[in-house]
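Student:
Residue numbers (this note's numbering): 52 to 329.
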């Protein structure tokens with residue numbers, strides 16, 4: 052017979068803990084306990100304001116449930132913004148930043164406590180969230196995708212202890228206006244990189260005509276000198292072969308004359324170009 056004391060329900064599970072809690076305790080136990088007590092009271096009050104219920108809060112953890120994913124995410128955003136404002140007033144090494152994970156799933160309710168994979172998934176999401184950030188499951192994302200003015204970033208499939216299937220997770224952008232500003236800057240940078248080659252091309256086209264002519268003359272002279280060196284090298288090579296294979300006939304002067312005519316025409320062209328640019 053089924054145990055009538057155990058009930059099941061669908062809930063939005065909210066799980067939070069402190070990033071670097073052990074370090075904070077080692078640094079100053081008394082101050083850490085004071086801060087986390089204050090922060091936990093603030094979080095509990097905001098959870099109640101958003102129609103949620105605190106289930107448990109052992110150590111640096113806090114577990115809550117909501118009947119609405121929208122309420123749970125709105126509450127998480129309010130908490131992170133409020134905690135950030137308070138942390139900004141503290142020294143960097145004493146700031147207490149919470150990570151929050153939210154999942155929509157089936158849970159077992161017994162004596163005001165909740166159990167099951169729905170809770171385990173929320174706990175896993177909390178561990179992969181950034182300090183001061185929020186991470187939600189795919190089931191939660193499907194419920195709020197178009198309902199809240201927030202940004203969401205898919206961070207891939209995550210593994211979770213005792214879960215057979217990988218967990219699809221999303222990062223919640225608490226400040227979408229900052230995200231939009233970064234996206235705009237990124238887009239402008241991409242456009243700038245695409246325009247730059249065209250601007251450089253136009254700049255080259257607008258160069259001083261006299262400078263362009265001087266460059267053409269320099270290139271023409273460089274080509275002539277290269278051909279002259281090649282001509283002399285080839286004539287020397289042919290002369291050497293002619294001597295080594297001499298059988299009473301001199302023949303290397305014929306190709307030398309042909310190359311010489313080519314070099315003479317090249318020289319005339321280079322001289323003409325130089326004179327016409329003056």
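Just so it is clear, CB atoms sit at the ideal spot from N, CA and C, and this is done for glycine as well.
Model, not experiment: these values are computed from the prediction.
Among the candidates 159, 273, 133 and 62, whose CA atom is the shortest distance from the CA of residue 91?
Tutor: That would be 133, whose Cα lies nearest to the Cα of residue 91.
Student: Considering only residues of the same chain and omitting the five flanking positions on each side of residue 232, which have a CB-CB separation below 7 Å?
Tutor: Note that residue 232 scores a pLDDT of 49, beneath 50, so its modelled location is shaky and nothing firm can be said.
Student: Which partner residues does residue 166 have in the DSSP bridge list?
Tutor: BP columns for residue 166 point to 159.
Student: With a CB to CB cut of under 6 Å and the five nearest residues on each side skipped, what residues in its chain are close to residue 70?
Tutor: So the list reads 148, 150 and 182, once near-sequence residues are dropped.
Student: Quick check: the Cα distance between residue 174 and residue 141, rounded to an integer number of angstroms?
Tutor: Going from the Cα of residue 174 to the Cα of residue 141 covers about 27 Å.
Student: For the candidate residues 118, 225 and 64, whose alpha-carbon lies nearest to that of residue 102?
Tutor: Checking every option, the nearest Cα to that of residue 102 belongs to 118.
Student: Could you tell me the alpha carbon to alpha carbon distance between residue 213 and residue 176, rounded to whole angstroms?
Tutor: Roughly 14 Å separates the two Cα atoms.
Student: Whose C-beta lies closer than 8 Å to the C-beta of residue 131 among residues of the same chain, with five residues either side of it excluded?
Tutor: Here the set comprises 149, 151, 183, 184, 185 and 225.
Student: Can you tell me whether residue 234 is buried or exposed? The criterion is at least 16 other CB atoms within 10 Å of its CB, across all chains shown.
Tutor: Model confidence at residue 234 stands at a pLDDT of 49, short of 50, so the residue's coordinates are unreliable; what they give is reported in the following sentence. Answer is exposed; the Cβ neighbour count stays below 16.
Student: Please state the DSSP three-state secondary structure of residue 118.
Tutor: Here residue 118 sits in coil by DSSP.
Student: Report yes or no: do three or more beta-carbon pairs, one from the segment 154-162 and one from the segment 187-196, lie closer than 8 Å?
Tutor: Flag = yes, the segment 154-162 and the segment 187-196 touch.
Student: Measuring only the C-alpha atoms, how far is residue 52 from residue 215?
Tutor: Caution applies to residue 52, whose pLDDT of 45 falls short of 50 and renders its modelled position unreliable; the value that the coordinates give is listed next. Taking the straight line joining both Cα atoms gives about 28 Å.
Student: Tell me residue 67's beta-bridge partners as DSSP assigns them.
Tutor: BP columns for residue 67 point to 113 and 151.
Student: For the beta strand (DSSP E) holding residue 139, just list the boundary residues, first then last.
Tutor: Premise fails: residue 139 is in no beta strand (DSSP E) and is neither H nor E.
Student: If I measure Cβ to Cβ from residue 108 and keep anything under 8 Å in the same chain, skipping five residues before and after, which residues do I get?
Tutor: So the qualifying residues of the chain are 91, 95 and 114.
Student: Going by DSSP, what residue range makes up the beta strand (DSSP E) through residue 300?
Tutor: Run containing residue 300: none; DSSP gives neither H nor E here.
Student: Residue 60 to residue 163, Cα distance in whole Å?
Tutor: Rounded to whole angstroms, residue 60 to residue 163 spans 12 Å at the Cα level.
Student: In three-state DSSP terms, what is residue 181?
Tutor: Here residue 181 sits in coil by DSSP.
Student: For residue 169, count neighbouring C-beta atoms within 10 Å of its own C-beta (all shown protein chains included) and say buried if the count is 16 or more, exposed if not.
Tutor: Buried, since its Cβ has 16 or more Cβ neighbours within 10 Å.
Student: Note the first and the last residue of the continuous beta strand (DSSP E) segment covering residue 219.
Tutor: It spans 218-224 - the beta strand (DSSP E) in which residue 219 sits, taken as one unbroken run.
Student: Please return the same chain residues whose Cβ sits closer than 7 Å to the Cβ of residue 86, not counting the five positions on each side in sequence.
Tutor: So the list reads 147, once near-sequence residues are dropped.
Student: May I have the straight-line CA-CA distance separating residue 195 from residue 138, to the nearest angstrom?
Tutor: Going from the Cα of residue 195 to the Cα of residue 138 covers about 28 Å.
Student: Within the same chain, show all residues whose beta-carbon is closer than 6 Å to that of residue 83, passing over the 5 residues directly before and after it, in chain order.
Tutor: 75 and 76.
Student: What's the gap between the Cα of residue 202 and the Cα of residue 221?
Tutor: Cα to Cα, residue 202 sits roughly 10 Å from residue 221.
Student: Alpha helix (DSSP H) containing residue 98: first to last residue?
Tutor: Note, residue 98: alpha helix (DSSP H), 80-100.
Student: How many Å lie between residue 127 and residue 73 at the Cα?
Tutor: Rounded to whole angstroms, residue 127 to residue 73 spans 23 Å at the Cα level.
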